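The first sequence maps to residues 32 to 540 in our numbering. All C-beta atoms, glycine included, are put in the ideal place defined by N, C-alpha and C. Just so it is clear, the structure is predicted and the values come from calculations on it, not from any experiment.
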Amino acid sequence: MTRYSTFCCIQKRPPPYIMADAITPRDEDYSQWYLDVVKAAKLADYSPVRGCMIIRPNGYGLWENMQDALDKMFKDTGHENAYFPLFIPQSFLAKEAEHVEGFAKECAVVTHSRLTVSEEDGELMADPESELEENLIVRPTSETIIWDTYSKWIQSWRDLPILINQWANVVRWEMRTRLFLRTMEFLWQEGHTAHATREEAVEEARQMLEVYTSFAEDFMALPVIQGTKTPSERFAGAVETYCIEALMQDGKALQAGTSHFLGQNFAKAFDCTFQNKNNELEYVWATSWGVSTRLIGALIMTHSDDKGLVMPPRLAPTQVVIVPIFRNDDEKVQVLEVADRIRRELDTRDVAVKLDARESQRPGWKFAEYEAQGVPVRLAIGPRDVKNENAEIARRDTGEKSIVPQAGLPDRIVALLDEIQQSLYDQAFSFREEHTTEVSDYDEFKEVLKEEGGFIIAPWDGTDESEAQIKEETKATIRCIPFDQDDVEGTDLVSGKPATHRVIFAKAY
RNA sequence: CGGGGCGUAGCGCAGCCCGGUUAGCGCGUCUGCUUUGGGAGCAGAAGGUCGCCGGUUCGAAUCCGGCCGCCCCGACCA
32 MTRYSTFCCI QKRPPPYIMA DAITPRDEDY SQWYLDVVKA AKLADYSPVR GCMIIRPNGY
92 GLWENMQDAL DKMFKDTGHE NAYFPLFIPQ SFLAKEAEHV EGFAKECAVV THSRLTVSEE
152 DGELMADPES ELEENLIVRP TSETIIWDTY SKWIQSWRDL PILINQWANV VRWEMRTRLF
212 LRTMEFLWQE GHTAHATREE AVEEARQMLE VYTSFAEDFM ALPVIQGTKT PSERFAGAVE
272 TYCIEALMQD GKALQAGTSH FLGQNFAKAF DCTFQNKNNE LEYVWATSWG VSTRLIGALI
332 MTHSDDKGLV MPPRLAPTQV VIVPIFRNDD EKVQVLEVAD RIRRELDTRD VAVKLDARES
392 QRPGWKFAEY EAQGVPVRLA IGPRDVKNEN AEIARRDTGE KSIVPQAGLP DRIVALLDEI
452 QQSLYDQAFS FREEHTTEVS DYDEFKEVLK EEGGFIIAPW DGTDESEAQI KEETKATIRC
512 IPFDQDDVEG TDLVSGKPAT HRVIFAKAY
């Protein structure tokens, strides 16, 4: 159908030039590269409070698109949104033994309700008179307040299941923070469901892991491996934690989403029972599942390059930017007419398109700026293009540029966005394949870990001791036990005992 | 909590060792003209209680003491 299907590359990559926001190359300092990209792409800023971040419009736009896609998937699987409070009575957290142990060390505690001016030094201080009768904690996660509530909502099997999600912020007082990857306050969604049977709850937890997998792969272009967490990596209070694990460009693993089968632990802690069809009183079965703004960190570290952010088209707040080029008013009128016509055409095709007609910045500046910000496709239209009825297309992922006719441009762009989406996935998938190694002995394990990192598949005897020893000696942890394991061969790397599972080891974020 | 680094203009830094004109440079900002197909050029301008408190001194960004904050690397974690 498309008459002009051949892209002609008219120019190679431009030589490096001095950039306003220089980005440290990845192979020089990966950690600094990440911070430079976040800054150059205007995703986030540091806040006056250590460990917190200001999410800028570019970053928040990404999050909004993630929310839209996920929210639709949650609704399609029967969930409803609700909102539970930020403040939780301190006593609630103590009710589930493992849960309190897991979170007690990182809770922000509210002890007073007002400020007053000190008589001694005139400084503002918490008013001693206003000390709360019971401390409040800022939610690190909402299981406790939700199960307190569910215990009031649920009496009968007729009240089940409850399938609720909430979009919220949570606070975990972290020692060491990194923008998006680990911040003291972060945005997330947390699903909390209540079920009549164990089977149904397990099925729910597995279903939501599938939802996360689809989201990661189809929207983020992020290939992930599904599996189960080992007991040591399990969520505090869960019976089983399922996860999706992704591999970043530096060879480190990142947990991209978790889904927990909570058994009856929280039901017991909050006395949440129901009468079943046999007229027996039974504890409710639970799940919880979440993904956070950390996914933005995953997205950055999976696709971006030394020129800045690379966004997958399906999540990009701006998918196409049009940069007009002109030297005088005559050219301006002609160029903008064409540029705006193309903008409208793309708009009717539901392409998120932006025409940047600002005259305060020059075209070259805009090229660099949108590349740093990761906009998937750039169209440049100048006097030559008006005359020849062409446009210049540049794709962010490969840097490829081509001159194409204006006729049929919307179709071409829509197809190109899909192509870029797929190409990003393929590239990330190949990278993961190339950096996944199967080993059978400990020396080989250490060698691979040291030389190239990545995912290392190895036999494990299922004991905490082996896992702990390997972590102690190499810093690598078991990221997950992949699903569907039949015959497991080989022996544990350190104990030499017969393996019970083949697991994925990696250094992790 | 350990190790390292840093606080001087909106941002990035120099000056500090060896105290002494009016605290300087780059980027950015503002004005004007020329420019505009890969981060423009020239000319001019604005912008600072040198992190905070105290001490030494005729005189402190600089020396001394204390405090505070932030970033990076580790231990802990999504």
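- In terms of CA proximity to residue 264, 494 leads the group 494, 528 and 483.
- Between the alpha carbons of residue 227 and residue 316 lies a gap of roughly 6 Å.
- Under DSSP, the beta-bridge partners assigned to residue 112 are 196.
- Judged by beta-carbon spacing, residue 192 lies beyond the 8 Å limit of residue 236, meaning their Cβ atoms are not closer than that value.
- Non-local beta-carbon contacts of residue 55 in its own chain, meaning distances under 6 Å to residues more than five positions away in sequence, involve 63, 64 and 67 in chain order.
- Using a 10 angstroms sphere on the CB of residue 206, the tally of other CB atoms stays under 16, which defines it as exposed.
- Taking a cut-off of 8 Å for Cβ pairs, the segment 195-202 and the segment 171-185 touch, as three or more such pairs fall below it.
- Distance between residue 502 and residue 163, taken at the CA atoms: about 42 Å.
- Excluding its 5 nearest sequence neighbours in each direction, residue 113 has C-beta neighbours in its own chain below 7 Å: 195 and 197, listed in chain order.
- The beta-bridge partner set that DSSP reports for residue 511 consists of 535.
- Annotation: the continuous alpha helix (DSSP H) that includes residue 182 extends over 174-184.
- Note that the segment 316-335 touches the segment 94-108; at least 3 beta-carbon pairs, one per stretch, sit closer than 8 Å.
- For the options 326, 292 and 284, the alpha carbon positioned closest to that of residue 484 is the one of 284.
- Residue 396 has no beta-bridge partner at all, per DSSP.
- Separation of the CB atoms of residue 273 and residue 259 is rounded to 6 Å, and the pair is thereby assigned contact status at 8 Å.
- Here DSSP, grouped into helix, strand and coil, assigns residue 75 to strand.
- In this structure, 426 is the residue among 461, 457, 426 and 430 with its C-alpha nearest to the C-alpha of residue 445.
- In terms of Cβ geometry, residue 167 and residue 118 form a close pair [threshold 8 Å].
- Here residue 184 is exposed, its C-beta having fewer than 16 other C-beta atoms within 10 Å.
- By the neighbour-count definition (other C-beta atoms within 10 Å, threshold 16), residue 309 is an exposed residue.
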